[in-house]
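Student: For the sequence shown, the positions run 7 to 161 when the numbering used here is used.
Structure in structure tokens, see below.
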Amino acid sequence: MEKRKRHLWAHALKTSENSFDRMGKGITELELSYNASETSEKYIDEEVKTTTVDEYDPSFDGEQTCYKDEPIYEYINKLRLNLATGSDAESEVVNIDVMDKQSDGSYTSQKFGCSISISSYNGTVIKYKVNLNGAPINGTATIANKKITFTEKAE
């Protein structure tokens with residue numbers, strides 16, 4: 007049994023029309039929160055409540071040390087400088103399970119639409135929130151030179 011290692015669960019942000027860049031440089035912590043909405047009801051014939059999961063609202067908070075020419079920082083900083091809202095604050099993110107390598111060398115992955123809001127900036131650190139929007143698109147991804155190529159899983 008192999009213990010999982012954090013660097014083997016990768017994330018990539020779409021920073022330009024045809025480019026997903028791997029998140030990492032300057033980011034020391036990134037935890038995906040699923041933010042489940044639940045409903046609990048206590049039925050008259052039960053002693054304990056029954057809870058159902060209604061939906062998820064996944065997101066993650068980013069805190070990144072600023073490095074000039076680092077693609078993720080430059081993309082996020084551009085959103086900050088433009089006070090991006092609406093579709094200008096939207097992108098795509100891919101979560102990649104590098105420990106789940108396929109026979110063709112790709113990795114099991116999920117792609118989400120996302121919106122990004124800036125939380126704070128002090129000149130050396132930028133903080134932001136990435137909201138994952140809609141249902142995931144399952145597929146695979148390859149990684150080469152910190153660039154990600156995502157391929158949707160055939161139905």
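Backbone N, C-alpha and C fix where the C-beta goes; we use that ideal spot for every residue, glycine too.
From a predicted model like this one, the values you see are computed outputs, not experimental measurements.
(1) Grab the span of the beta strand (DSSP E) containing ILE143 for me, first residue to last.
(2) Using a Cβ-Cβ cutoff of less than 8 angstroms, which residues in the same chain neighbour THR146 once the five nearest sequence positions on both sides are dropped?
(3) Which residue's Cα is closest to the Cα of ILE124: ILE149, LYS84, VAL104?
(4) Using the C-alpha atoms, what's the distance from TYR49 back to ALA16?
(5) Can you find the residues in the same chain that come closer than 6 angstroms, C-beta to C-beta, to ASP67, ignoring five residues on each side of it along the sequence?
(6) For VAL59, tell me which candidate among SER43, TYR73, CYS72, SER65 has the shortest Cα-Cα distance.
(7) Looking at the secondary structure, which residues open and close the alpha helix (DSSP H) in which ARG86 lies?
(8) In three-state DSSP terms, what is GLY30?
(9) Return the CA-CA distance between ASP94 and SER46, expressed in angstroms with no decimal places.
(10) Could you check which residue in VAL99, GLU161, ILE132 has the C-alpha nearest to that of SER22?
(11) Can you grab the Cα-Cα spacing for the pair ALA141 / ASN88, in whole Å?
(12) Pop quiz: ARG12 and LYS152 are said to be a contact at Cβ under 8 angstroms. What is the actual Cβ separation, rounded to whole angstroms?
(13) With DSSP as the reference, label ALA95 as helix, strand or coil.
(14) Expressed to the nearest angstrom, what Euclidean distance is found between the alpha-carbon atoms of THR39 and ASP63?
(15) How far does the beta strand (DSSP E) with TYR113 in it extend, from its first residue to its last?
Tutor: This is what the structure gives:
(1) ILE143 -> beta strand (DSSP E) spans 131-150.
(2) Sequence-distant partners of THR146 (beyond 5 residues in either direction) whose C-beta falls short of 8 angstroms from its own C-beta, in its chain, are GLN108, ASP110, SER112, TYR113, THR114, SER115, PHE156, THR157, LYS159.
(3) When each option's Cα is compared against that of ILE124, the closest is LYS84.
(4) Rounded to whole angstroms, the gap between the alpha carbons of ALA16 and TYR49 is 43 angstroms.
(5) Closer than 6 angstroms at Cβ, skipping near neighbours: LYS135.
(6) Closest option to VAL59, Cα to Cα, is SER43.
(7) Unbroken alpha helix (DSSP H) run through ARG86: 77-87.
(8) DSSP, reduced to helix, strand and coil, places GLY30 outside both helices and strands of the structure shown, so it counts as coil.
(9) Cα-Cα distance, rounded: 38 angstroms.
(10) If we check each option's Cα against that of SER22, VAL99 comes out closest.
(11) Taking the straight line from one Cα to the other gives about 28 angstroms.
(12) Your pair ARG12 and LYS152 does not check out as a contact, with CB atoms roughly 17 angstroms apart and the cut at 8 angstroms.
(13) In the three-state reduction of the DSSP assignment, ALA95 falls in the helix class, which pools H, G and I.
(14) Contrary to the premise, residue 39 reads as Ser rather than Thr in this sequence. Each residue's alpha carbon lies about 8 angstroms from the other.
(15) That run of the beta strand (DSSP E) goes 113-127.
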